[in-house]
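From first to last, the protein sequence lines stand for chains A and B. Sequential numbering of the first sequence, starting at 1044, is according to the working numbering. Sequential numbering of the second sequence, starting at 1044, is according to the working numbering. Some notes on the structure that comes next.
Protein chains: 2
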Amino acid sequence: MTMPGKTLGIIVGAGDLPIAIARAAKGEGRDVFLLGLEGVTDPKMIEPFPHAFTGLGEFGKAIKHLREAQCSEITFAGKVARVEFSKLKLDAKGALALPRILAAAIKGDDALLRALLAMFEREGLKVVGSAEVARDLLAPSGALGKLKPGADDEADIKYGLRVAQAMGALDIGQAAVVCRGLVLAVEAAEGTDAMLTRVASLPETLRGTPMQRKGVMVKTVKPHQERRVDLPVVAARTVELVAAAGLSGLAIQAGGVLVVDRQKMAEAADRLGVFVHGFRPESQS
Amino acid sequence: MTMPGKTLGIIVGAGDLPIAIARAAKGEGRDVFLLGLEGVTDPKMIEPFPHAFTGLGEFGKAIKHLREAQCSEITFAGKVARVEFSKLKLDAKGALALPRILAAAIKGDDALLRALLAMFEREGLKVVGSAEVARDLLAPSGALGKLKPGADDEADIKYGLRVAQAMGALDIGQAAVVCRGLVLAVEAAEGTDAMLTRVASLPETLRGTPMQRKGVMVKTVKPHQERRVDLPVVAARTVELVAAAGLSGLAIQAGGVLVVDRQKMAEAADRLGVFVHGFRPESQS
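This is the structure we're talking about:
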């Protein structure tokens, strides 16, 4: 239900995803407007696009910028670390919205997110998901590079999926590393990159090495994920960390995980000798 | 059902726990004999006690030492990293036992452990749990030091327990860190100390600090834990890492987690301003 010709507003958190989305949307012929967040967004990243900046508490200013840029739809992309509400610089609309936001924040991250989306929608802006505006970013089924998982890897993928889904159901994280039936690491607030980095520092008796790869990283979508924001993301950098951790490869939920640059990711996988496998959960359980 | 006067054999893995058990058993008037594992046990730690060494594949030699030392009961204590079976130096009894052990290892860590215990029991040695021979090491209910959890901490303990139990049911780990409802970290193969160290490196917006502590580490027992080995352990070092991570304190399952040196741990907690709280799971859920 996108409206071509109307500008897409992108609220830009940290990381490469917002720019990948901006490029993908432009590739589909849409105008984009990027709204950077002070202290969060890297100014250099959004400079090549029409853009503006607001503070995290300046809700009124954000709405004003988005309207001036003729945005009818907006999307949230990239990470924002947990906000310290007591330190927010609020404008009038921000101050009005704060009690509702705080009440939601107490109920958990998912409730906070829903309250934020509702705030924008009450202002007449439709919130759409990254996947809706940049469908090409969704992980496809099957191999992304040349390599495929072997039988041992398939078993690890199956177990890793069970673990990652259990984590997701408890709202903990979306990724796990399994090596020959042993769970080497589970992602929580530290994020996927830090999780992979620590696998590389585990004793070699527990894990594979670049000379003798074994084990997989599985990344999936939470069962009740708010799909308008917060889809899990992988990129070429993820492949590099998977390779450095001695793993055989990386399994991602097809249609549920966003791939920032598919071509670059496939090249990295082939160069480093690891697989990138898009799986459908129903065919794994 | 311990037999005073008969020697207790302790198979010594890495860490402080085996020595704490040896001291506690001696304190209860038992003779002890420590069997070190080459490449695993620190020789200096077991020197003060009657002891011997064997390789990991020298099952025959192990049995011989334990019999000569008049051991009727044995206990396993301390960690042994996953063994590379292909590199084991085997004696005759070790070679005979290996196929059964390998078959069990394929089924998972718990099956491997049960097969190991059965091997020793077939030789007439009764395997007992750390908690049976050193009951004083089990965490008590309530505060170990002077501080107690506040209302926010109680909520984090409750959620952390749910998370840790879910992890345990999947045989992943036994500890989790929760801060105001957000899961900061979950333990897998890296162990509790490494998990706490990474919490200290998370952004300060997500966690507490030594100036303004918040969040808890919860450590529990797996639902189907083989209680003759492998009970989770905490020590004064754990309290130091909890404090460095900016957490309010540490909650451990009373009667299920082993405390290596209660006095030292309580002193560390009071000195650093964190709580150590022994909880009963039934009163938390």
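We put the CB at the ideal spot given by N, CA and C, even for glycine.
Contact set between residue i and chain B, taken where Cβ atoms lie within less than 9 angstroms
{"i": "Leu1181 (chain A)", "result": "By Cβ distance, chain B contributes nothing, its closest Cβ being about 26 angstroms from Leu1181 (chain A), past 9 angstroms."}
Closest residue to residue i among the options (Cα-Cα distance)
{"i": "Ala1140 (chain B)", "options": "B:Lys1130, B:Leu1190, B:Ser1129 and B:Ala1158", "result": "B:Ala1158"}
{"i": "Ser1291 (chain B)", "options": "B:His1267, B:Leu1239, B:Arg1271 and B:Thr1263", "result": "B:Leu1239"}
{"i": "Gly1361 (chain B)", "options": "B:Gln1113, B:Thr1281 and B:Leu1315", "result": "The structure shown does not extend to residue 1361 (chain B), since chain B is modelled only from 1044 to 1328, so the question has no answer here."}
{"i": "Val1300 (chain B)", "options": "B:Ala1288, B:Arg1270 and B:Glu1283", "result": "B:Arg1270"}
{"i": "Phe1128 (chain A)", "options": "A:Ala1146, A:Lys1069 and A:Val1206", "result": "A:Ala1146"}
{"i": "Pro1001 (chain A)", "options": "A:Gly1224, A:Ala1288 and A:Val1272", "result": "The structure shown does not extend to residue 1001 (chain A), since chain A is modelled only from 1044 through 1328, so no value can be given for it."}
{"i": "Lys1049 (chain B)", "options": "B:Ala1065, B:Ala1067 and B:Val1075", "result": "B:Val1075"}
{"i": "Ser1244 (chain A)", "options": "A:Glu1090, A:Val1285, A:Ile1215 and A:Arg1223", "result": "A:Val1285"}
{"i": "Ile1295 (chain A)", "options": "A:Gly1321, A:Gly1188, A:Val1303 and A:Met1308", "result": "A:Gly1321"}
{"i": "Asp1199 (chain A)", "options": "A:Ala1186, A:Val1220 and A:Gly1188", "result": "A:Val1220"}
{"i": "Val1083 (chain A)", "options": "A:Val1055, A:Pro1091 and A:Gly1070", "result": "A:Val1055"}
{"i": "Val1113 (chain B)", "options": "B:Arg1073, B:Arg1066 and B:Pro1091", "result": "Looking at the sequence provided, one finds Gln at residue 1113 (chain B) rather than Val. Closest by alpha carbon: B:Arg1073."}
{"i": "Arg1314 (chain A)", "options": "A:Leu1274, A:Thr1248 and A:Ala1279", "result": "A:Ala1279"}
{"i": "Ala1154 (chain A)", "options": "A:Met1308, A:Ala1237 and A:Val1272", "result": "A:Val1272"}
{"i": "Val1126 (chain B)", "options": "A:Glu1310, A:Val1302 and A:Glu1247", "result": "A:Glu1247"}
{"i": "Met1308 (chain B)", "options": "B:Leu1187, B:Arg1241 and B:Ala1218", "result": "B:Leu1187"}
{"i": "Val1071 (chain A)", "options": "A:Pro1086, A:Leu1051, A:Met1162 and A:Met1088", "result": "First, the amino acid is wrong: residue 1071 (chain A) is Glu here, not Val. Considering only alpha carbons, the answer is A:Leu1051."}
{"i": "Arg1214 (chain B)", "options": "A:Gln1217, A:Val1229 and A:Asp1214", "result": "The displayed chain sequence assigns Asp, not Arg, to residue 1214 (chain B). Per the Cα distances, A:Val1229."}
Proximal residues of chain B, C-beta to C-beta of residue i below 7 angstroms
{"i": "Ala1209 (chain A)", "result": "Ala1209 and Leu1213"}
{"i": "Leu1245 (chain A)", "result": "Ala1232 and Glu1233"}
Host beta strand (DSSP E) of residue i (start-end)
{"i": "Ala1330 (chain B)", "result": "Nothing can be reported for residue 1330 (chain B): it is not among the residues displayed for chain B, which extend from 1044 to 1328."}
{"i": "Phe1076 (chain B)", "result": "Val1075 to Leu1080"}
{"i": "Ala1095 (chain A)", "result": "His1094 to Thr1097"}
{"i": "Phe1318 (chain A)", "result": "Phe1318 to Phe1322"}
{"i": "Ile1117 (chain A)", "result": "Cys1114 to Ala1120"}
Proximity of residue i and residue j at Cβ, strictly below 8 angstroms
{"i": "Leu1227 (chain B)", "j": "Arg1250 (chain B)", "result": "yes"}
{"i": "Ala1312 (chain B)", "j": "Leu1133 (chain B)", "result": "no"}
{"i": "Ala1182 (chain A)", "j": "Ala1297 (chain A)", "result": "yes"}
{"i": "Ala1120 (chain A)", "j": "Ser1173 (chain A)", "result": "yes"}
{"i": "Thr1263 (chain B)", "j": "Ala1207 (chain B)", "result": "yes"}
{"i": "His1108 (chain A)", "j": "Ala1124 (chain A)", "result": "no"}
{"i": "Leu1156 (chain B)", "j": "Ile1117 (chain B)", "result": "no"}
{"i": "Val1259 (chain A)", "j": "Asp1196 (chain A)", "result": "yes"}
{"i": "Ile1106 (chain B)", "j": "Leu1077 (chain B)", "result": "no"}
{"i": "Glu1081 (chain B)", "j": "Gly1098 (chain B)", "result": "yes"}
{"i": "Leu1180 (chain A)", "j": "Ile1062 (chain A)", "result": "no"}
{"i": "Pro1093 (chain A)", "j": "Leu1204 (chain A)", "result": "no"}
{"i": "Ala1212 (chain A)", "j": "Pro1266 (chain A)", "result": "yes"}
{"i": "Val1317 (chain B)", "j": "Leu1293 (chain B)", "result": "yes"}
{"i": "Lys1122 (chain B)", "j": "Gly1058 (chain B)", "result": "yes"}
{"i": "Val1171 (chain A)", "j": "Glu1164 (chain A)", "result": "no"}
{"i": "Ala1100 (chain B)", "j": "Ala1135 (chain B)", "result": "Strictly speaking, residue 1100 (chain B) in this sequence is Gly, with Ala absent from that position. Not a contact, by the Cβ cut-off of 8 angstroms."}
{"i": "Ala1237 (chain B)", "j": "Arg1241 (chain A)", "result": "yes"}
Extent of the continuous alpha helix (DSSP H) run through residue i
{"i": "Glu1111 (chain A)", "result": "Phe1102 to Glu1111"}
{"i": "Ile1089 (chain B)", "result": "Pro1086 to Ile1089"}
Interface partners of residue i on chain B, CB under 8 angstroms
{"i": "Thr1248 (chain A)", "result": "Ala1124, Arg1125, Val1126 and Glu1127"}
{"i": "Arg1241 (chain A)", "result": "Glu1233, Ala1237 and Arg1241"}
{"i": "Ala1228 (chain A)", "result": "Ala1231, Ala1232 and Glu1233"}
{"i": "Val1206 (chain A)", "result": "Leu1213 and Ile1215"}
Listed by chain order, chain A residues near residue i by CB distance under 8 angstroms
{"i": "Leu1133 (chain B)", "result": "Neighbours of Leu1133 (chain B) on chain A: none; closest Cβ ~17 angstroms, over 8 angstroms."}
Listed by chain order, chain A residues near residue i by CB distance under 7 angstroms
{"i": "Ala1154 (chain B)", "result": "Those do not exist, as Ala1154 (chain B) stays about 11 angstroms from chain A at its closest Cβ, beyond 7 angstroms."}
Neighbour list for residue i in chain A, Cβ cutoff strictly below 9 angstroms
{"i": "Ala1218 (chain B)", "result": "Those do not exist, as Ala1218 (chain B) stays about 11 angstroms from chain A at its closest Cβ, beyond 9 angstroms."}
Any non-hydrogen atom of the ligand HEM closer than 7 angstroms to residue i Cβ
{"i": "Arg1165 (chain B)", "result": "Annotation note on the ligand HEM: not contained in the displayed structure, which lists no ligands."}
Exercise for the section: At 4 residues or longer, and completely inside the stretch 1173-1205 of chain A: list those alpha helix (DSSP H) runs for me, N to C. Expected result: Along the length of the stretch 1173-1205 of chain A, whole alpha helix (DSSP H) runs at least 4 residues long occupy 1173-1176, reported in chain order.
Exercise for the section: Would you list, in sequence order, the uninterrupted alpha helix (DSSP H) runs of no fewer than 4 residues that lie entirely inside the stretch 1222-1256 of chain B? Expected result: Those alpha helix (DSSP H) runs which fall completely within the stretch 1222-1256 of chain B and span 4+ residues are 1235-1242.
Practice task
Could you name each continuous beta strand (DSSP E) segment of 3 residues or more that falls completely within the stretch 1255-1305 of chain B, going from the start of the chain to the end?
Solution key: Counting whole runs of 3 or more residues, the stretch 1255-1305 of chain B contains the beta strand (DSSP E) stretches 1259-1262 and 1292-1296.
Exercise for the section: At 4 residues or longer, and completely inside the stretch 1121-1150 of chain B: list those alpha helix (DSSP H) runs for me, N to C. Expected result: Fully enclosed alpha helix (DSSP H) runs of 4 or longer: 1135-1149.
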